[in-house]
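Down below is the structure, laid out as structure tokens.
Numbering (the numbering used here), first residue to last: 100 to 228.
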């Protein structure tokens, strides 16, 4: 199964969990802008995976460079999003940040797992040759 299908399945599961939390707890645990955060994380995860995949296709020896570059880009975008929200809106800032970091760590863990599953065999073959 390719990365986009796995991302769609993972996103569906996370989306169902968010929907269930929102249904049962209203806005006590889940911020009102959670769906914007969710879309942001799906988009950024797809983008960083694409950059890493592109880097591996060009130069397998420098996989770490492309991966850490894409993770740095993800971190900068994430910090910018949090600062924009905190300075522009004044409602439930702590809840927003906590929801954001839960999604951030879930999607980062998924991306790391996917990268290891997809590129570890390729990198291992490259080292053996």
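All residues carry an ideal CB built from backbone N, CA and C; glycine is no exception.
At the C-beta level, residue 155 and residue 162 come within 8 Å of one another.
Listed in chain order, the non-local C-beta contacts of residue 176 below 7 Å within the same chain comprise 143, local neighbours out to five positions each way being set aside. Assignment of residue 189 by DSSP, reduced to helix, strand and coil, places it in the coil class. Leaving aside the five residues that flank residue 129 on each side, the residues in its chain whose CB is nearer than 7 Å to its CB run, in chain order, 117, 120, 121, 198. It is roughly 19 Å from the alpha-carbon of residue 114 to the alpha-carbon of residue 213.
Counting the other Cβ atoms within 10 Å of the Cβ of residue 124 gives fewer than 16, which makes it exposed. Residue 204 has its alpha-carbon roughly 12 Å from the corresponding atom of residue 173.
In this structure, residue 139 keeps its C-beta atom at 8 Å or more from the C-beta atom of residue 111.
Residue environment analysis places residue 215 among the exposed positions, since fewer than 16 neighbouring C-beta atoms fall within 10 angstroms of its C-beta. Cβ-Cβ distances below 7 Å link residue 185 to 192 in the same chain, with the five nearest sequence neighbours on each side left out; the list follows chain order.
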